[in-house]
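Below: one structure, written as structure tokens.
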Amino acid sequence: MEANPKIPQHVTIIMDGNGRWAKSRGHERLVGHKEGAESVRACLELAVELKIKYLSLFAFSTENWGRPEQEIQGLWSLLLEYINKETPYMLENHVRFMVAGNVEQLPEYLRIAIRDVTEATAASDGTTLVLMLNYSGKWDIVQAANRFAQENPGRQMSWEDMDSYLATSGIPDPDLLIRTSGEERISNYMLWQTAYTEFYFTDILWPDFRKPEFRCALEAYSKRERRFGKL
Ligand code: IPE
Ligand code: IPE
Ligand code: MG
Numbered sequence: 149m150e151a152n153p154k155i156p157q158h159v160t161i162i163m164d165g166n167g168r169w170a171k172s173r174g175h176e177r178l179v180g181h182k183e184g185a186e187s188v189r190a191c192l193e194l195a196v197e198l199k200i201k202y203l204s205l206f207a208f209s210t211e212n213w214g215r216p217e218q219e220i221q222g223l224w225s226l227l228l229e230y231i232n233k234e235t236p237y238m239l240e241n242h243v244r245f246m247v248a249g250n251v252e253q254l255p256e257y258l259r260i261a262i263r264d265v266t267e268a269t270a271a272s273d274g275t276t277l278v279l280m281l282n283y284s285g286k287w288d289i290v291q292a293a294n295r296f297a298q299e300n301p302g303r304q305m306s307w308e309d310m311d312s313y314l315a316t317s318g319i320p321d322p323d324l325l326i327r328t329s330g331e332e333r334i335s336n337y338m339l340w341q342t343a344y345t346e347f348y349f350t351d352i353l354w355p356d357f358r359k360p361e362f363r364c365a366l367e368a369y370s371k372r373e374r375r376f377g378k379l
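The sequence shown maps to residues 149 to 379 in my numbering.
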């Protein structure tokens with residue numbers, strides 16, 4: 149049976165606006181990140197309900213290393229907390245967990261937690277949740293090109309080769325990219341993979357982006373006409 153074209157196969161989200169959400173309430177930025185984790189749960193639940201095959205989330209960019217050490221460490225401990233808290237939900241709901249990005253630079257305790265949940269959910273056949281961690285589009289293209297050249301000396305690279313050497317190898321290109329918080333830019337995200345992705349921007353800050361807001365984005369997507377250069 150053909151998949152319903154109105155429901156995207158792969159939704160990717162640039163989860164933005166946590167800091168502003170917290171600041172506007174007189175809280176530290178980390179409070180916004182913590183509340184943002186609740187939005188992750190809400191969106192994952194809807195993705196599972198609607199049988200969206202892939203939900204990828206931009207959680208930390210290569211450029212985010214430029215933030216204060218305290219915020220970065222806070223993000224890592226929140227992430228560990230998230231993994232520990234959400235693993236039972238993922239197992240019960242057949243969610244497969246994956247990370248794409250330069251994982252080697254992450255603290256060891258986090259790499260271990262990531263490895264464990266990835267292995268524990270590897271056989272899940274429902275929604276795949278992909279956390280884009282220490283990721284950037286330029287990093288991805290360069291690592292893919294370098295790895296290809298090393299493994300295939302003297303061979304020209306095709307675009308299919310690029311697809312299969314990117315960190316998102318095996319995952320179809322996003323059908324829909326959502327960015328919250330009113331910023332309308334790609335911020336060095338999936339540069340190659342978004343060649344024909346539909347973009348949806350909303351002023352809503354990430355901690356306020358829950359099921360109804362996700363449904364709105366999906367509704368907008370269902371009305372788009374995708375032509376891929378054809379008539
Ligand atoms: C997005 O929210 C989360 C990460 C980049 C980790 P921000 O932290 O960028 O929040 P704003 O954009 O400063 O409000
Ligand atoms: C993009 O948000 C990165 C993530 C959501 C992880 P940023 O807040 O870092 O992007 P800019 O600086 O506004 O472009
Ligand atoms: Mg931001």
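The beta-carbon is built from N, C-alpha and C at its ideal position, and this holds for glycine as well.
Could you check what DSSP says for residue i in three-state terms: helix, strand or coil?
{"i": "V196", "result": "helix"}
{"i": "F362", "result": "helix"}
{"i": "V179", "result": "helix"}
{"i": "S187", "result": "helix"}
{"i": "M149", "result": "Only weak support is given to the placement of M149: the predicted model assigns it a pLDDT of 46, under 50, and the question is left unresolved by the model."}
{"i": "A271", "result": "coil"}
{"i": "S172", "result": "coil"}
{"i": "Q157", "result": "coil"}
{"i": "E252", "result": "helix"}
{"i": "A380", "result": "An answer regarding residue 380 cannot be provided, because it is not within the stretch 149 to 379 covered by the chain."}
{"i": "T276", "result": "strand"}
{"i": "L228", "result": "helix"}
{"i": "I162", "result": "strand"}
{"i": "S386", "result": "The question about residue 386 has no answer here: the residues shown for the chain are numbered 149 through 379."}
{"i": "R263", "result": "helix"}
{"i": "L258", "result": "helix"}
{"i": "I326", "result": "strand"}
{"i": "R241", "result": "Going by the sequence as given, residue 241 is Asn instead of Arg. Looking at N241 - three-state DSSP - the assignment turns out to be coil, as it is neither helix nor strand."}
{"i": "L223", "result": "helix"}
Report the CB separation of residue i from residue j in whole angstroms; it is logged as a contact under 8 angstroms.
{"i": "T342", "j": "P322", "result": "6 angstroms"}
{"i": "A185", "j": "L226", "result": "6 angstroms"}
{"i": "E346", "j": "L324", "result": "5 angstroms"}
{"i": "Y202", "j": "I319", "result": "6 angstroms"}
{"i": "Y369", "j": "Y348", "result": "7 angstroms"}
{"i": "P222", "j": "S329", "result": "Note that residue 222 is Gly in the sequence shown, not Pro. With a Cβ gap of about 19 angstroms, G222 and S329 do not count as contacting."}
Taking 8 angstroms as the CB-CB limit, is residue i close to chain B?
{"i": "I262", "result": "Absent from the structure: chain B. Only one protein chain is present."}
What residues sit near ligand 1, counting only those whose C-beta is closer than 5 angstroms to one of its heavy atoms, in chain order?
D164, G165, N166, G167, R168
Do three or more CB pairs link the region 273-285 to the region 304-312 at distances below 8 angstroms?
no
Just list the alpha helix (DSSP H) runs in the region 285-321, keeping only unbroken ones of 4 residues or longer that don't cross its boundaries, in chain order.
285-299, 307-313
Meets three-Cβ-pair contact criterion under 8 angstroms: the region 205-218 and the region 152-163
yes
Report yes or no: do three or more beta-carbon pairs, one from the region 236-245 and one from the region 210-217, lie closer than 8 angstroms?
no
Whether or not the region 285-298 and the region 326-345 are in contact is what I'm after, with contact meaning three or more pairs of Cβ atoms, one per stretch, closer than 8 angstroms; do they touch?
yes
For the region 350-359 against the region 166-183, do three or more pairs of beta-carbon atoms, one drawn from each stretch, fall closer than 8 angstroms, so that the two count as touching?
yes
Say whether the region 189-203 touches the region 263-277, bearing in mind that this needs 3 or more beta-carbon pairs closer than 8 angstroms, one atom from each stretch.
yes
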